[in-house]
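There are 6 protein chains.
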Amino acid sequence: MVHIIKNIKRPAPDVLKAVAEFPPATLHEAQGRTGALDWRIKPIFPGMQFCGPALTVRCTPNDNLMLQAAISIAQPGDVIVVDAGDSPEQGPFGEVLATAAKARGVAALVFNCAVRDAPAIRKLGLPVFSIGLSIKGTVKETLGEVNHPVVVGGVHIEPGDVVCGDDDGVVRVRAAEAGAIADKSREREAKEAGFMERLRNGENVLDVLGMGRVLEAKGCSWES
Amino acid sequence: MVHIIKNIKRPAPDVLKAVAEFPPATLHEAQGRTGALDWRIKPIFPGMQFCGPALTVRCTPNDNLMLQAAISIAQPGDVIVVDAGDSPEQGPFGEVLATAAKARGVAALVFNCAVRDAPAIRKLGLPVFSIGLSIKGTVKETLGEVNHPVVVGGVHIEPGDVVCGDDDGVVRVRAAEAGAIADKSREREAKEAGFMERLRNGENVLDVLGMGRVLEAKGCSWES
Amino acid sequence: MVHIIKNIKRPAPDVLKAVAEFPPATLHEAQGRTGALDWRIKPIFPGMQFCGPALTVRCTPNDNLMLQAAISIAQPGDVIVVDAGDSPEQGPFGEVLATAAKARGVAALVFNCAVRDAPAIRKLGLPVFSIGLSIKGTVKETLGEVNHPVVVGGVHIEPGDVVCGDDDGVVRVRAAEAGAIADKSREREAKEAGFMERLRNGENVLDVLGMGRVLEAKGCSWES
Amino acid sequence: MVHIIKNIKRPAPDVLKAVAEFPPATLHEAQGRTGALDWRIKPIFPGMQFCGPALTVRCTPNDNLMLQAAISIAQPGDVIVVDAGDSPEQGPFGEVLATAAKARGVAALVFNCAVRDAPAIRKLGLPVFSIGLSIKGTVKETLGEVNHPVVVGGVHIEPGDVVCGDDDGVVRVRAAEAGAIADKSREREAKEAGFMERLRNGENVLDVLGMGRVLEAKGCSWES
Amino acid sequence: MVHIIKNIKRPAPDVLKAVAEFPPATLHEAQGRTGALDWRIKPIFPGMQFCGPALTVRCTPNDNLMLQAAISIAQPGDVIVVDAGDSPEQGPFGEVLATAAKARGVAALVFNCAVRDAPAIRKLGLPVFSIGLSIKGTVKETLGEVNHPVVVGGVHIEPGDVVCGDDDGVVRVRAAEAGAIADKSREREAKEAGFMERLRNGENVLDVLGMGRVLEAKGCSWES
Amino acid sequence: MVHIIKNIKRPAPDVLKAVAEFPPATLHEAQGRTGALDWRIKPIFPGMQFCGPALTVRCTPNDNLMLQAAISIAQPGDVIVVDAGDSPEQGPFGEVLATAAKARGVAALVFNCAVRDAPAIRKLGLPVFSIGLSIKGTVKETLGEVNHPVVVGGVHIEPGDVVCGDDDGVVRVRAAEAGAIADKSREREAKEAGFMERLRNGENVLDVLGMGRVLEAKGCSWES
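Chains A, B, C, D, E and F supply the protein sequences, listed in that same order.
This note's numbering applies: residue 1 is where the first sequence begins, and numbers increase by one.
This note's numbering applies: residue 225 is where the second sequence begins, and numbers increase by one.
This note's numbering applies: residue 449 is where the third sequence begins, and numbers increase by one.
This note's numbering applies: residue 673 is where the fourth sequence begins, and numbers increase by one.
This note's numbering applies: residue 897 is where the fifth sequence begins, and numbers increase by one.
This note's numbering applies: residue 1121 is where the sixth sequence begins, and numbers increase by one.
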């Protein structure tokens, strides 16, 4: 088995740009309610957001050796997605690696564990999503994989898939479907913009969203 | 059984106003340390606060059909309190429904699940309390109840009860007791203001709060 | 047994000052990856930080009697570290005690439970670290201990040990080792500053941190 | 307020007997999927089961004073349901109180906290349901309530309601509806017995439960 | 998209038989420490075990419609693996479906949610692995997928992959690698049998497992 | 620093024997409600129990190198207490090491992580206490400590302290206090035996335990 795959296929820039227009919640709906990572994976400070192609890493839990290898081959705009064993009490990423990632132009990092040096990362302005913050660093002893498929937050992610995050969390869009999902997201947002315009104008939500008929069909009874 | 009860009795405006003067922690003490919802139910962003009469909803988990019905009958100032099954991996409330709720004048919403579209809700300025944020939307298939009693965060809430929240969490005040609880809260705050004045002036906390005597009575031994 | 020990040995001011220069994550590494409290113990609002000698308290769960005794003997700069039973649904510390602590010059408080009156504590500008916020107050009935050793967040803390916290969490430095740990932290930060300078200049992370050799020695295989 | 209410209305023996025929999962379905306590409340050893009228207790967390009062007035067949603050690290019930409860003929006890002395309770043959086992005993300092309504495991329980438990967990049946729920449960079980007979005879599950039509109506597509 | 794929490729019987000889922990080691599902997925009663090809299902959370479709097409020996949204408070599988599964010859079922009717399932002798037991049934409203890849317990499982479970939990073996993994497991067990023979004969564990040299090489210091 | 201390002081056999007569819950009360490990640390199968002197180990999380060293120096009757970082998704102890421990006469092992090969350990008849079972093995790369003080389950344990466990969990008794605690436990059990005799004879629990007076003194009101 090859441990580290250096060259992966990334979606075309215009596709990435199209997907990046939409928040994760919209992308999730547009692809049939799939691809959302576990709700515990969140920005380390509110307001962070990102969108880019996944560079995937599998570390042995409590070990960040392969993360360093991954940063060493990252391309500008990449999002490094790390499976480190889904546990909050380990911080394999801190100020030094954040500086390295920033210098490579990494767009964001996503972890199923914690990270550390949060104040320094905040100052760097690098979006980092994790299941928490932990002081505890890791060792650098055991080989893993870079750019093999991973499961992070319950979602299967292949290198080059698009991953996007904001305060709601992180979603994965399959590389091959990214263009189509962007189109569906645009339609969805247009439709919802219409709904919201009508709602702001005072129309009743059951009329706007058509749920009055549904309630009636299901036998809903009202008492005034 | 009637699914949706439209007309509920709300406390008088002056009572609501009186209760709204006090933070939840004070109201909780004033009513004998009862009524505090589970600590996991918190504002989706720090600093949110609210106080108003409860409009209650019971949704089937992973289904927001009845929430839409509830918004359709909300009165300005209402706080919509939603029992959706106490699980963080579902987001039955997002930007469209937030727009609908805002247009109806809803004062706040409280969930025992997650919500989504957090950045958009923040922009709307609508206080929303939940056990987290989740990208994952819900279906609209199954009937539930509106304005029947619910249990949310371990607290039994009847339609028209007063619910109040801030960074500490959410508390319920029984409608019939709301006036009396406001009075007790006022007394409590006055007493505590006196304590704090003395503390700021350098008096010892054991003297101010009277615990020196208690420690002595219980046989506390001191080593200098 | 004596319940309350009033006089404890605190590290010299210059030692405290030296330790305070470094973030907890650095101190943790410098002392061989030990001393970090459980990741759940965090500032109640982002950005809080502190460093000072520990004044330790053991309360019966759901009881804050001994915390009041501890505040009554605190010295300016002390950090009150409270073992209250490691449970998030109790708030033994609120605005009144925060006012008392502030008046005594307490530098910070660390809890393995929740606290309440978060908005008021924020206004006071007092750093408080806990595993959450809870509306629910406690009783004042049962004796415990002040300035005996405690375990908080899985770490054994003796009165006078140095404790330091920021967004990453809290670390304990043994009083007797504090000076040496500050020295090691300074060396570590100097070394890391050099690394970061090289990284910002575009050098590859594997070269800077020397992990290229490690990967090779472990038989890591690369596919371009 | 009265702390302890001694006389409560219990359902008639034939009603209790009728409800006791059915497992909690059936009763839960029969009453419209309501009344099931939080999944964490389970028998302390597999195989325990019970059914009886609720005698309700509200203890201050970490305090078992009112539980003792409740046992002192229990009637044979009663199920003591204890709200002690929903936290696993407290054991307000052990061998001595189990002996007292057994001597009073208590049918079972249900806690939203832990209990202790599990091996001794097992020997006594007393069904006890809790969210775990904990060595840690409690104090006896603070008043609470007996036979006032409580919320345990997210369910509102009034004194005299029927509560039933087995390995699946615990369900509450409203006293006034108990007879009707037993009838519905009997119908449901009869219907399900017919289904299971057909399934054991080799009929396809989609035909037996009628879901083939539902799948078709919803547009389900099959690939052979 | 096709919702339900009926025909999947299962490993040859002799391969399945070979894999079934080994406990999950051995298979996990043999395939390079991969494939183990989340530790929370366990037998509903101790002692259950199974090994067979995966028939995969993705249900909408709180909905068991597709599980019924999956049972309807199961082959004897299949293990039905269900992604229902990773939440313990839903029981989409009970006595009726267990009877249906048993009648089809299903070898076992694996869920990332809870199940119900545990006593009845136990009597049936059907191995069921889940993250708990919950009284709460589900609806049957929303389409999902059968025999598409799923992620359950953090592991990507394709239809026809081998899944095996015992008290330790569940492991997935890729269909294409199953034969080779069985061979490696056999070697591993033979080697370990030799180790254990020597240990039972009183040899020191550091000599038998060769870690004495490792400790020395890493600079381990001993104080007698 | 010395990594491994071989010779530790164990309590005298008669002291160990005296402590072993009592269940952990009694010992915990007898020493002033201290020393109980976190409720999550439990026997891997119900019914296991042990009592013996602690041989302490600190492993790097996800690494069992030092555990092997600890087993290599264990004396018959020792209880190996392992701090591996308080996380359930790692199994540093399985059949091979269990065989080694059994061969050395180890009385039991206590972990703040998971273990694996549960069925094999059960067959060996070796009491093992942990926070769960996990298939996932660990690496053997990083040094830690043997027979230095550890914190496990929130309790500070020194080598040679007595640790005892049963279904309720695990308690630590300080070596120097073990004899006195056994005496106090004996008194306590004698007193409780008297209470239980009176309870079995039908006396009211409030009279037997003297809480009737306490309730009255606190102003408890009764309604018949």
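Glycine residues also receive a C-beta, built at the ideal position from the N, C-alpha and C atoms.
Contact with chain B is absent for glutamine 964 of chain E, since none of that chain's Cβ atoms lies less than 8 Å from the residue's Cβ.
Rounded to the nearest angstrom, the gap between the Cα atoms of alanine 546 of chain C and glutamate 369 of chain B is 43 Å.
Glycine 94 of chain A and aspartate 534 of chain C have their C-alpha atoms spaced approximately 28 Å apart. By the rule that beta-carbons nearer than 8 Å mark a contact, histidine 1052 of chain E touches chain A. Distance from the CA of glycine 276 of chain B to the CA of proline 300 of chain B, rounded to the nearest whole angstrom, comes to 10 Å.
Taking 8 Å as the CB threshold, valine 375 of chain B lines the interface with chain D.
Asparagine 455 of chain C counts as exposed, since fewer than 16 other C-beta atoms from the protein chains shown sit within 10 angstroms of its C-beta.
For the region 831-885 of chain D, the full-length beta strand (DSSP E) segments reaching 3 residues or more read 834-838 and 841-845 along the chain. Taking 8 Å as the threshold, the shortest C-beta distance from glutamate 1041 of chain E to chain B does not fall below it.
Chain-order list of chain E residues neighbouring glycine 841 of chain D: Leu1029, Ser1030 and Ile1031, by C-beta distance under 7 Å. The beta carbon of aspartate 982 of chain E falls within 8 Å of a beta carbon belonging to chain A, placing the residue at that interface. In this structure, the alpha-carbon of leucine 1020 of chain E lies about 51 Å from that of proline 1131 of chain F. Counting only the Cα atoms, glycine 384 of chain B lies some 10 Å from histidine 372 of chain B. Straight-line spacing of the CA atoms in lysine 326 of chain B and isoleucine 297 of chain B works out to 13 Å. Under a criterion of Cβ atoms nearer than 9 Å, no residue of chain F is adjacent to aspartate 686 of chain D; the nearest Cβ is some 27 Å distant.
In the structure shown, valine 1201 of chain F adopts extended strand secondary structure according to DSSP, grouped into three states. For phenylalanine 694 of chain D against serine 857 of chain D, the beta-carbon gap comes to about 4 Å, under 8 Å, which counts as contact. Annotation for valine 467 of chain C: the continuous alpha helix (DSSP H) segment containing it runs 461-468. Isoleucine 44 of chain A places its beta carbon 8 Å or farther from that of serine 134 of chain A. Per DSSP, valine 2 of chain A lies in no beta strand (DSSP E) and is assigned neither H nor E. For alanine 932 of chain E, the chain F residues whose C-beta falls within less than 7 Å of its own C-beta are Ile1255 and Lys1256, listed in chain order. In the DSSP assignment, valine 1046 of chain E falls within the unbroken beta strand (DSSP E) covering 1046-1048. The beta carbon of glycine 602 of chain C lies closer than 6 Å to those of Asp486 in the same chain, with the five residues before and after it left out.
The C-beta of arginine 200 of chain A has fewer than 16 other C-beta atoms within 10 Å across all chains shown, which makes the residue exposed. When beta bridges are read from the DSSP output, arginine 282 of chain B appears opposite B:Asp307 and B:Glu369. Close partners of valine 563 of chain C in chain D (Cβ separation under 9 Å) are lacking, with about 16 Å as the shortest Cβ gap. Counting only the Cα atoms, glycine 931 of chain E lies some 25 Å from valine 79 of chain A.
Counting the other CB atoms within 10 Å of its CB gives proline 461 of chain C a total below 16, which places it among the exposed residues. Taking a beta-carbon distance threshold of 8 Å, glutamate 1307 of chain F does not count as an interface residue toward chain A. Membership of alanine 780 of chain D in any alpha helix (DSSP H) is not indicated; the residue belongs instead to the beta strand (DSSP E) covering 780-785.
Within the same chain, and ignoring the five residues on either side of glutamine 255 of chain B in sequence, the residues whose Cβ sits closer than 6 Å to its Cβ are Ile405.
Using a CB distance cut-off of 8 Å, arginine 200 of chain A counts as an interface residue toward chain B. Using beta-carbon distances, valine 953 of chain E does not count as an interface residue toward chain D, since no partner is under 8 Å. The Cβ-Cβ distance between aspartate 83 of chain A and valine 139 of chain A does not fall below 8 Å. Rounded to whole angstroms, the separation of the alpha carbons of asparagine 784 of chain D and valine 1024 of chain E is 27 Å. Chain order gives the chain D residues near phenylalanine 941 of chain E as Pro718, where near means a beta carbon separation below 8 Å.
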